[in-house]
Structure formats: C-alpha cells, structure tokens
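Here this note's numbering runs 535 ahead of the position in the sequence shown, where the first position is 1. Here a beta-carbon is modelled for each residue, glycine too, at the ideal position from N, C-alpha and C. For clarity, every value in this text was computed on a predicted model and none was experimentally measured. Below: one structure, written as structure tokens.
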Amino acid sequence: MKEKHYLTPLFEPKSVGILGASERDISIGGLVLRNMIDAGFKGRLFAINPKHKKVHDVACYKTVEDVPVRLDLVVIALTAQKIPAIIDACGRAGVKAVIVLTAGFSESGRRGAMLERSMIDAARRHHIRLLGPNCLGIMRPDLGLNATFAQGRALPGSIGLISQSGALCSAILDWARPNNIGFSTVVSLGSSSDIDFGEALEYMISDPRTESIFLYVEGLRDARRFMSALRGAARIKPVLLIKVGRHPEASRAVLSHTGALIGEDAVFDAAVRRAGVIRLYNMGQLFAAANALFSHFRPRGNRLAVVTNGGGPGVMAADRAADLGIPLAQLSEGTIAKLNDALPATWSHGNPVDLLGDADVDRYRAAVKAVLEGPNVDGVLVMLTPQAMTNPTAVAEAIIEEERTADKPLVTCFMG
C-alpha cells in the first residue's frame, strides 16, 4: 500500500523499536519506552537491548536485525560513537526512519562533525530518513506516539509545534497542559542533520490534524526549501514563528548549540513577513497566541473594537493597533444606539468605547454584548483598570459568559 507522504513512517509509524530501552526510567532509552507505553501507542512496540528479553512487559531483542517485523521507526538512545554502525544495521533490517536523540555531533567540534557525516552517509546509503541528532524526539498525541524522553506528554489538539530546541519544547508543553492547550504534533529537530524545517513543514501542510503551526528557529540549513514551505503553509494555516540569534552574541550561542548557521536577521524578518507569517519575540507572546488559536476562532476581518473603563488605556490600545496595521472598527448606528441605551450620556460615543471610571459589571456586560453583535466589528479587546466601582472578578465572569456564545475573537487586558 502506498504511503500518503514519504515521512509517514516517522510521523505515523505502525511499528516502533526503542534501541537502548531498559528498566531504568532514569535512562534516556528507559524514559522513551515508558513514555510510549503510557501514551498508549496504537502500533507494535519493541525494545532493543542485548541485556534483556523483556522490558516493562515489552518484548526485547538483542539487535534491530533480530526484531521479527520490519520496523517503520527506530528511536536510538546510545552513545554517538555507535550511531553510524547502528544506522547500517537499521538499513539491513529495512527500517524506514530513525530518531537520534544523542548529542555529541557537529555541535561538539571537528570530531563530532566527522561522526555526523558518517551517520548521514549511512542513512543515505539505506534510504533512511533521520530526525536529529541531539533532539527530544516526536509526539503525536492522537496516535499515542510519544517517542521522546520528556517528562509528561502533550494533550491532543490542533497545533503543530516544530522546534530546534528540545528544552523549549519541554517548557511549552509544561505550560500547555494546565492551560488545556493541545497539539497535533510536536517535533524536536535538534541539529537537523537530515530532516529540517522545510520537510517538517511540508508534512504539516498536508496533515488534517494540524490547523495552526508554531516554529522555534535557531538556524537554517536549507533556507530556500524553508521559505518555500513557509509560504505554502501560511496560505492555508496560521503560522507563528520565534527566531533567535538576532544579535551576534546569540548567533554564536546558536552555532555552539546546534551547529546551524544563521543569516542577517533583517533579511530573514522581511522574508517571513512577506510570506504571511507572524513573527513573535518571546514566550509570553507565544503562549498568548496559543490561547487565541486554540479557541478555533478565525477572524472574518481585522476591525477591532476596544471596550475600556479608562480613556488612557484605550488610547494606548488604539496606538498599538495602528502600529500593527489593525484598524479600529467604525461602530454602526445600531451598535451606537444599543450603547446609548446601556451607558451614561457621557460615554465616548465612539471606538474605543470608554465606559468611564465608575463602570460596573452590568455596564461592561452590556457594552461587550453590543460590540460583539456589531456588524462592523470582527474582534473585541476588553480592558480593565482598577477602579473603586469596578469589580474585576465579576467583570471577568461576565466576559466569560459572553465569550461562550460569541462567534468572534474576544481578548482581555486586565491592568494593575
């Protein structure tokens, strides 16, 4: 049967071997096996370690060539020096894809670079696709695939995450779980010796589980393919990107971390903006964007209404919206009439909608409802500053109630 994508053995394996699996959950191989078991992998799972016949009730074989089925994917958690020979063994066994978790390759100097070259040569001889080295692995929650050594796992969802940093993947997942943010795919590229951003992006374009894509970029090995895939992805799915190494000191840190080279940041910035990608600059922005995307709302336009109990914050929001090219909505006559009925005569009679400093929860509720229903409004920002007559908790609860039935994005900014 023909595979729907050439990276299907990596992203949707039906059989997985863990090379270096052990009973010790503190070992990398032990953690990967435990994570695969706990995730409820739906395919066939094998341990590979000459010291055991079974590991956690999973059948264990001495070598990859002893496994009685042809494996789609092998996860390798052994020392760097052994990897080229292991890749050759995987090739003889008909393995289609491997994940190399191990560090100690090009990021570690000349000897490591030579070892990496030998590893890649072996993979190409046998037509094996390779993720890594020096990576966290891959997660596909809907498939019960957690081929990583991360603590905990991703919740199922629609966000695809591609990151060169395994540590950043772990941090994002740690934040996402208590916030009920889920992922279709989490890919840690590591040093990207073979599979790079471009190919991972191309897979996510075709993946129906992935509705939006986050990228954490340190450096690129194939910039042309990356930009081509980025343009293709941004046409059909929201793509958000953090790129580090904007300054010389950070660029040197990237080189020592993954061995990847990066170019002039201004050129990169212009290229991604032209592709229609949203560039973020810190994790706070990423988390805020994740919350917005996970709501599954897609704005029909970019006309923003601002509701506030302070004139100053409203003006600041208007300024920032203009900086970002977001127009303030021209409120319709019907919306103005609804606001006139609900608000004091001295309200701002325009957008931003200034509820005045004595705004209570009923005033907030009526104003938010009116602008959400407005035909000229595509999204609403609700701002609150601490005032004697304003109960932040009550206002928050009222906004949550309105958001449950809203068909437009609604975001908040509670100041103080």
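According to the DSSP secondary-structure assignment, residue 949 is paired through a beta bridge with 919. If you look at residue 924, you'll find it isn't in any alpha helix (DSSP H); DSSP assigns it neither H nor E. In chain order, 695, 745, 748 place their CB closer than 6 Å to the CB of residue 739, counting only its own chain and leaving out the 5 sequence neighbours on each side. For residue 708, no beta strand (DSSP E) run applies; the uninterrupted alpha helix (DSSP H) run containing it begins and ends at 701-711, by DSSP. Among the bridge pairs identified by DSSP, residue 595 is matched with 582.
When DSSP states are grouped into helix, strand and coil, residue 842 belongs to the strand group. Residue state for residue 684 is assigned as coil, using DSSP reduced to three classes. In terms of Cα proximity to residue 768, the closest of 757, 780, 756, 734 is 734. A straight-line Cα-Cα distance of about 14 Å links residue 614 and residue 667. The Cβ atoms of residue 689 and residue 722 do not sit closer than 8 Å to each other. According to the DSSP assignment, residue 778 belongs to the beta strand (DSSP E) that extends over 774-778. Selection 546, 611, 759, 757 evaluated against residue 743 yields 546 as nearest (Cα-Cα). The three-state reading of DSSP puts residue 664 in strand, counting E and B together. DSSP, reduced to helix, strand and coil, places residue 619 within a helical segment of the structure shown. Note that the C-beta distance between residue 596 and residue 581 is below 8 Å. Taking C-beta separations shorter than 6 Å and ignoring five residues to either side along the sequence, the partners of residue 605 in its chain run 629, following chain order. Annotation: the continuous beta strand (DSSP E) that includes residue 675 extends over 672-675. For residue 691, the beta-bridge partners assigned by DSSP are 718. In the three-state reduction of the DSSP assignment, residue 816 falls in the coil class. In this structure, the beta-carbon distance from residue 762 to residue 810 falls below 8 Å.
Around the C-beta of residue 940, fewer than 16 other C-beta atoms lie within 10 Å, and the residue is accordingly described as exposed. Per DSSP, residue 899 is one residue of the alpha helix (DSSP H) stretching across 896-907. DSSP places residue 807 within a helical segment (H, G or I) once states are collapsed to three. Between residue 701 and residue 610, the C-beta spacing is not below 8 Å. Between the C-alpha atoms of residue 698 and residue 930 there is a straight-line separation of about 38 Å.
Scanning its chain for C-beta atoms nearer than 8 Å, with the 5 sequence neighbours on each side dropped, one finds around residue 706 the residues 818, in chain order. Burial of residue 778 is indicated by the presence of at least 16 other C-beta atoms within 10 angstroms of its C-beta. Beta-bridge analysis with DSSP links residue 858 to no other residue. Bridge partners of residue 643 according to DSSP: none are assigned.
Taking residue 878 as the centre and dropping the five residues before and after it, the same chain places the C-beta of 890, 898, 902 closer than 7 Å to its C-beta, in chain order. Counting other Cβ atoms within 10 Å of its Cβ, residue 928 stays below 16 and is therefore classed as exposed. Per DSSP, the continuous beta strand (DSSP E) segment holding residue 608 begins and ends at 608-611. Counting the other Cβ atoms within 10 Å of the Cβ of residue 924 gives fewer than 16, which makes it exposed.
Between the alpha carbons of residue 653 and residue 659 lies a distance of about 10 Å. Exclusion of the five residues before and after residue 836 leaves 913 as the residues of its chain whose Cβ lies within less than 7 Å of its Cβ.
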